[in-house]
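Here's the structure, in structure tokens; my notes come after.
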Amino acid sequence: MRPKRALLATATLAVAGALTVGMTLAMAPVASAGTTLRAAAAEKGRYFGAAVATGKLSTSTYTTVLNREFNSVTAENEMKWDATEPSQGRFVYTGGDRLVSHAQANGMGVRGHALLWHQQEPGWAQSMSGSALRSAMINHVTQVATHYRGKVYAWDVVNEAFADGGSGGRRDSNLQRTGNDWIEAAFRAARAADPGAKLCYNDYNTDGVNAKSTGIYNMVRDFKSRGVPIDCVGFQSHLGTTIASDYQANLQRFADLGVDVQITELDVMTGGNQANIFGTVTRACMAVSRCTSITVWGVRDCDSWRGSDNALLFDCNGNKKPAYDSVLNALNAGSGIPNPTTTPPNPTTTPPNPTTTPPNPTTPPPGGSGCSASVSLNSWTGGFVATVKVTAGSSGTRGWTVSMTLPSGSSVTGTWSATASGSSGTVRFTNVDYNGALGAGQSTEFGFQGNGSGAGMTPTCTAS
Ligand code: G2I
């Protein structure tokens, strides 16, 4: 018979290994002390992640620690706009794909970072403005989120859009100057492209109740009240030698709005308090049931953007620092997410909107008998995003086509979850392979973006 310790270790590894896209997290049947960060976090239904620079995946000291200790990764730079769309309309996914493969091979989830950010915009976007930039940014969100659909459990859809200081308002940028609704337009486009990813707003200097975090809080509350698809808020947590006494209370007030919270870029100034502060952050997350992941911004001190701050959990040789023990102890002492089957950290392929759940393939729906479609529009001067909901009639559908006539002078510039025939005048949108079959009364969504106005379009649905 195997000793009990070995059995527990096996259970723990199995849980950590299950934290991949498409799987539902199960709690370990017996509480045990995890001996690695990933095992300890997984036992509590959470991710413990690191920002990864893919160039370091060939360094064995680095990869040994990464694979042993972390069950989530964030691309430090590889999924940003400048990396993924270096010239307009030319998409490069090499670095991001490499990280996804590494994560999949090692039982890790992937946090996507970041679809839109005023920094690390490619040069061509930096020189754009107005409706041309708005179209370009929405296209970027659509393309990248579509590429990684089903492969990331969360996206930082918008990063660092709020100003520092006491205003509580937005930061000026060319993105912001396209109109104050740019953030919600981005979230709607991201949801349409990847209905299964948790969509997050991410920022720094939000580590307590302050003017900036309150500005974000008010935006999230507004989004929730108007049905803008936001699922989580990321708290970067680049910390100095102190931590706000209301760090946990701040997380909790966001969670109480009905969003998950995630610690997304944690690092802490070296010094006497480093281990305590890492522990305080971890305890705060564990005490908030909607705090689903903690990510540190790098693996070893010498991997950090903070240089001589020595701000991480491992020294340059991969040795654990006192801060590591502090985090591990806090993970092991913390509470699990109360009901991980209904509030998992990784719903991934379970879309937040059950209307987009594909039908059960074991009961193929009959053909014939109609469908209906409705459209919702997100418009700005010179462009729009249309989200179209297709609902099957009483006989279900094997496939569907939605026809819409665009106003004169308008055209379709990109489509997701459907195939468009034509781009102006009357455009026909036909299902793609995974969303044609709908059971009676079931719905799915597709979308497109266009130039010009989308006003007054009336969809007609034909089922096959
Ligand atoms: O600045 C720290 C973080 C703040 N929150 C958003 C994060 O995305 C951001 O990460 C850092 C990366 O850690 C750096 O690695 O973002 C920086 C860019 O603002 C990254 O630095 C850039 C350098 O500026 C570039 O010169 C360099 O080519 O890294 C690039 C790739 O090594």
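Note that the sequence shown covers residues -33 to -1, 1 to 431 in mature numbering (1 follows the signal peptide of the UniProt record, and there is no 0). Glycine included, every Cβ here is placed at the ideal spot set by N, Cα and C. All values derive from a computational prediction rather than experimental measurement.
DSSP places ILE230 inside the beta strand (DSSP E), whose first and last residues are 227 to 235.
When beta bridges are read from the DSSP output, THR368 appears opposite THR397, THR429. Each of ALA42, VAL266, SER339, ALA152 was checked against the Cα of ILE105, and the nearest Cα belongs to ALA152.
For TYR184, the enclosing alpha helix (DSSP H) stretches over residues 178 to 193.
In the DSSP annotation of this structure, LEU166 is not part of any alpha helix (DSSP H); the continuous beta strand (DSSP E) holding it starts and ends at 165 to 170. Contact annotation: the stretch 123 to 131 touches the stretch 157 to 173, with at least three C-beta pairs closer than 8 Å.
Under the three-state reduction of DSSP output, GLU412 falls in the strand class.
By the Cβ rule, the stretch 1 to 15 does not count as touching the stretch 49 to 69, because fewer than three pairs are nearer than 8 Å.
Distances from the CA of LEU344 to each of ASN418, LYS165, ARG78, GLY201 were compared; the closest alpha carbon is that of ASN418. THR393 and THR372 have their C-alpha atoms roughly 4 Å apart. Secondary structure of ILE261 (DSSP, three-state): strand. THR3 and SER39 have their C-alpha atoms some 13 Å from each other. In the structure shown, HIS80 falls within a strand segment according to DSSP collapsed to helix, strand and coil. The stretch 93 to 110 and the stretch 174 to 184 do not touch, with fewer than 3 CB-CB distances between them shorter than 8 Å.
In the DSSP annotation of this structure, the continuous segment of the alpha helix (DSSP H) that includes ALA92 starts and ends at 90 to 93. Short note on HIS80: C-beta closer than 7 Å to some heavy atom of the ligand G2I. Per DSSP, reduced to three states, the secondary structure at ARG13 is coil, with no helix or strand assignment. Residue range 350 to 359 is occupied by the beta strand (DSSP E) that includes VAL357.
An exposed status is given to ASP400, since fewer than 16 other beta-carbon atoms sit within 10 Å of its beta-carbon. Taking C-beta separations shorter than 6 Å and ignoring five residues to either side along the sequence, the partners of THR429 in its chain run THR368, following chain order. The beta carbon of ASN277 lies closer than 7 Å to those of THR237, ASP268 in the same chain, with the five residues before and after it left out.
In this structure, the alpha-carbon of THR262 lies about 10 Å from that of THR249. Boundaries of the alpha helix (DSSP H) harbouring VAL294: 289 to 300, taken from the DSSP string.
Counting every other CB atom within 10 Å of its CB across the protein chains shown gives PRO305 a total below 16, marking it as exposed. Scanning the stretch 29 to 53 for uninterrupted alpha helix (DSSP H) segments of 4 residues or longer gives 48 to 51, listed from N- to C-terminal end. Here ALA156 really is in contact with VAL352; their C-beta atoms are around 6 Å apart, less than 8 Å.
Relative to the ligand G2I, even the nearest heavy atom lies 7 Å or more away from the CB of TRP122.
The shortest CA-to-CA distance from LEU24 to any of ALA50, ALA6, VAL67 is the one to VAL67. Relative to the non-hydrogen atoms of the ligand G2I, the Cβ of TRP272 comes within a distance shorter than 7 Å of at least one.
PHE58 carries a coil assignment under DSSP once its states are collapsed to helix, strand and coil. Residue environment for ASN126: buried (at least 16 other C-beta atoms within 10 angstroms of its C-beta). Its Cα nearest to that of THR28, the residue PHE281 stands out among PHE281, SER377, ALA6. For ALA50 and THR41, the gap between their C-alpha atoms comes out near 14 Å. Listed in chain order, the non-local C-beta contacts of GLN203 below 7 Å within the same chain comprise ASN169, ASP170, TYR171, THR231, GLU232, local neighbours out to five positions each way being set aside. Counting only residues of its own chain and dropping the five nearest sequence neighbours on each side, VAL124 has a CB closer than 6 Å to the CB of LEU82, ALA153, PHE154, ALA157, LEU166. In this structure, TYR171 has its beta carbon less than 7 Å from a heavy atom of the ligand G2I.
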